[in-house]
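All remarks here apply to the structure that follows.
In the numbering used here, the protein residues as written are 112 to 688.
Structure (structure tokens):
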């Protein structure tokens, strides 16, 4: 009986690969298993190889598995691309239609199963994915009834006959593979799960739900991979709570429209990826200068230019911190789990309004599109803080302009919403005085710059660094951000079991940098290894800029478009120790 199962389905985009993985995942999730899914796909609408690899455990999992137990192949390319992940105890289930061939050096057996033929006999070849699900069920010793509720949910609106046909396809798939493998049925059965119901969601959905829970009621955005699911989620959900989504003509319009909505008093945001973030830079500066709240999601992907639109990378870090011309206060947050994507998004909206600044929530493709089991969120933890919004202005009968940019001790000025009596003031992107009127006076410039920059001394962000540090005198401290957390956790567990003393710090607040927290962890370790998906060690360089540690800090970098795998990363860390 397995403690962990790694299952992958592959084929050409557009032939039901995603739905096959979704059906399998939904069933395993409802049995109470923890899942982590990562989808490889081409940057095209249809065609090109795609696969969906899903790791299943009775315990929590946040990383892609190194090996592969079951490969379901709908074309030869799936076998050729993925067979090296297989072990002698693995198995390939391939559609007999394409006359599958097993590579000479493949260590796993291949079984040709007539997925398409069986589906066609039942009325449509489109049901070949359900036949494959049935074959998988046999390998795992799962009764087809496990998939009954999933089939009802997906196909119920199409009528009882369609539901019955899909259930029959599952049973036929079970019979077809059972006849071939005989007593090996059930070989890949997984240890029982706790049966607890959990959500199974991608990071984009967790972030979007966080925006809803934070009280956001407007989103302006332009579609781009891997951020589009945030907009798609909000298109479905925002109207239910009186909100709206506008698809703009470009990212410049999206950012400025979100600024305008925030100016009007509505919690608003936008979401994009690297190319869109580049276009938003001037608007981010406008948010900083006019002191209007703005939340931006940047879902990093491979760059530069169009780069690798559907591949993993973490190379926007410096751009987020220093991409704008001139200097403004901004906050950059980097969640690393589904839970953090939800709760940190709420913190982002609070910080944006409390300090009247732009806040960037940085994710990466693996976190944005990777799908993971997560316990239901605790809505009692949510606190909405709107900062210094002034509902009534004293001496409103006077003719003086409102001091919207008043020089305050904490740098945060009183904020009025349009229509507030006595709140009239000027808003401009040029330097201005306390009432917003343009001013290039040197004294005023220093005063306003100092006032704005003081805001960063008052950032309220809970738990800026996730720390798992069991050793006061560690051999190594592993450091990362965003989606590398799962792989780093497995590396830490593995090396600690081998007698290497390993601590782990995952940075969630990139700017302003949590220097005190990181210095405390670095002081405990002989060596610091920073793990990131880029070519120049951007996080390591930011650490060195803020806290030094040049002599003991090393980098492990990966920038080929694929995420770190636990065994791969373990070996790389061993080389550096």
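Beta carbons: idealized from backbone N, C-alpha and C, even for Gly.
When beta bridges are read from the DSSP output, residue 329 appears opposite 355 and 379. By the beta-carbon neighbour count (other beta carbons within 10 angstroms, threshold 16), residue 260 is exposed.
In the structure shown, residue 592 adopts coil according to DSSP, grouped into three states. For residue 245, the uninterrupted alpha helix (DSSP H) segment begins and ends at 239-250.
The C-alpha of residue 567 is placed about 7 angstroms away from the C-alpha of residue 623. A residue is called buried once 16 or more other Cβ atoms fall within 10 Å of its Cβ, and residue 490, having fewer, is exposed. Nearest C-alpha to residue 379 among 281, 468, 223 and 478: 468. Excluding five sequence positions before and after residue 679, the CB atoms of its chain that fall closer than 8 angstroms to its own CB belong to 177, given in chain order. The DSSP-derived three-state label of residue 536 is coil.
Rounded to the nearest angstrom, the Cβ distance from residue 576 to residue 619 is 6 angstroms, consistent with a contact under 8 angstroms.
Judged by DSSP in its simplified three-state form, residue 547 adopts coil rather than helix or strand. In the DSSP assignment, residue 123 forms a beta bridge with 160.
Here the stretch 288-302 makes no contact with the stretch 339-349; the two share fewer than three CB pairs at distances below 8 angstroms.
For residue 184, there is no enclosing alpha helix (DSSP H); the enclosing beta strand (DSSP E) has its first and last residue at 179-184. For residue 542, there is no enclosing beta strand (DSSP E), since its DSSP letter is neither H nor E.
With distances taken between CA atoms, residue 635 lies nearest to 584 out of 584, 665, 628 and 647.
The continuous beta strand (DSSP E) containing residue 469 extends over residues 469-475. Residue nearest to residue 504 within the set 175, 200, 404 and 514 is 514 (criterion: CA-CA distance). Look at residue 683 here: in three-state DSSP terms it is helix. Assigned with DSSP and collapsed to three states, residue 212 falls in coil, not helix or strand. Bridge pairing for residue 150: 163 [DSSP]. Residue 465 counts as buried, since no fewer than 16 other beta carbons sit within 10 angstroms of its beta carbon. Counting only residues of its own chain and dropping the five nearest sequence neighbours on each side, residue 321 has a CB closer than 6 angstroms to the CB of 453, 456 and 457. Around the beta carbon of residue 375, a 10 Å sphere encloses fewer than 16 other beta carbons of the protein chains shown; the residue is thus reported as exposed. When the beta-carbon positions are compared, residue 283 and residue 244 stay at least 7 angstroms from each other. When DSSP assignments are scanned along the stretch 381-437, the uninterrupted stretches of alpha helix (DSSP H) that are 4 or more residues long and fall wholly within it turn out to be 385-401 and 428-433.
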